[in-house]
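In order, the protein sequence lines correspond to chains P and C. Residue 102 in my numbering is what sits at position 102 of the first sequence, and the numbering runs on without skipping anything. Residue 151 in my numbering is what sits at position 31 of the second sequence, and the numbering runs on without skipping anything. Heads up, the beta-carbon is just placed ideally off N, CA and C, and yes, glycines get one too. The structure displayed is predicted, hence computed values, not measured ones. Scroll down for the structure; my scribbles are underneath it.
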Amino acid sequence: QLQLQESGPGLVKPSETLSLTCTISGGSISSSSYYWGWIRQPPGKGLQWIGSIHYSGSTYYNPSLKSRVTISLDTSKNQFSLNLRSVTAADTAVYYCARDIAGTHPFDYWGQGALVTVSS
Amino acid sequence: AIQMTQSPSSLSASVGDRVTITCRASQGIRNDLGWYQQKPGKAPKLLIHGASSLQSGVPSRFRGSGSGTDFTLTINSLQPEDFATYYCIQDYDLWTFGQGTKVEIK
């Protein structure tokens, strides 16, 4: 059974960089069939797609966040990561990692989510 | 970027009711649309993909329809466990979520 688990600091200071890692177990990140994505949800609000990465290394970002986001993958550790720069309180959210099956299923497997609070 | 407009933002219904939620894309997205159910404190759960294909293990009372720009999620005979928030998502061009519809108990 595929499992995804987010990890990283739960508290980040304003203007700093939010960094999260998603570790995949029960499956391989190294498949051309999948995209691996980050989605966030501010408290009490809806879902926002942040960005996705393909095994080939191709990245896709939400235009509204593109200038601040970098997603990368580490196939040796079966992980992919999110860096969000210059954060403000508006970036406080639960951050999810998820798998998308290219061309068929949008995000079908999700991590449990990680709450990241931006505060001094 | 493709925008997804979901309606209503909330609704009240009773157990046994039929519920309909709509999602409209700002441009044609073929049938590249999915629906999620999310309960408080939990990750979203994929219900429907490809606009009308039921995800494995999802009860048949959930039905998706539509193509192009207009899509519908119908829940037949609403059950107590169906009270939740529902989101649509397009994956035709990048990914965009609708704003969500909260289904509450009347």
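Nearest-angstrom Cα separation, counted from Ser134/C out to Leu198/C: 7 Å
Closer than 8 Å to chain P by CB, Ile209/C: yes
Contacting positions in the segment 156 to 173 of chain C - beta carbon closer than 9 Å to chain P: Tyr156, Gln158, Gly161, Lys162, Ala163, Pro164, Lys165, Leu166, His169, Gly170 and Ser173
Beta carbon of Ser7/P nearer than 8 Å to that of Thr17/P: no
Cα-Cα separation between Ser64/P and Gln112/P, rounded to whole angstroms: 25 Å
Cβ distance (whole Å) where Thr117/P is taken to contact Gly10/P below 8 Å: 6 Å
Cutoff 8 Å: Thr23/P Cβ touching any chain C Cβ: no
DSSP state of Ser200/C mapped onto helix, strand, coil: The sequence given here places Pro at residue 200/C; Ser does not occur at that position. It is helical.
Whole-angstrom distance between Thr192/C and Ile101/P, CA atom to CA atom: 22 Å
Span of the beta strand (DSSP E) around Thr194/C: Asp190 to Ile195
Proximal residues, the segment 100 to 114 of chain P versus chain C, C-beta separation under 8 Å: Asp100, Thr104, His105, Pro106, Phe107, Asp108, Trp110, Gly111, Gln112 and Gly113
7 Å Cβ shell around Arg85/P - same chain, five flanking residues per side excluded: Thr17 and Arg68
Three-state secondary structure (DSSP) of Ser146/C: coil
Contacts around Ser120/P, its chain only, beta-carbon distance under 7 Å, and the 5 residues preceding and following it disregarded: Lys13 and Pro14
Cβ distance (whole Å) where Ile29/P is taken to contact Tyr55/P below 8 Å: 7 Å
Nearest to Tyr61/P (by Cα), restricted to the options Tyr35/P, Gly44/P, Gln1/P and Ala90/P: Tyr35/P
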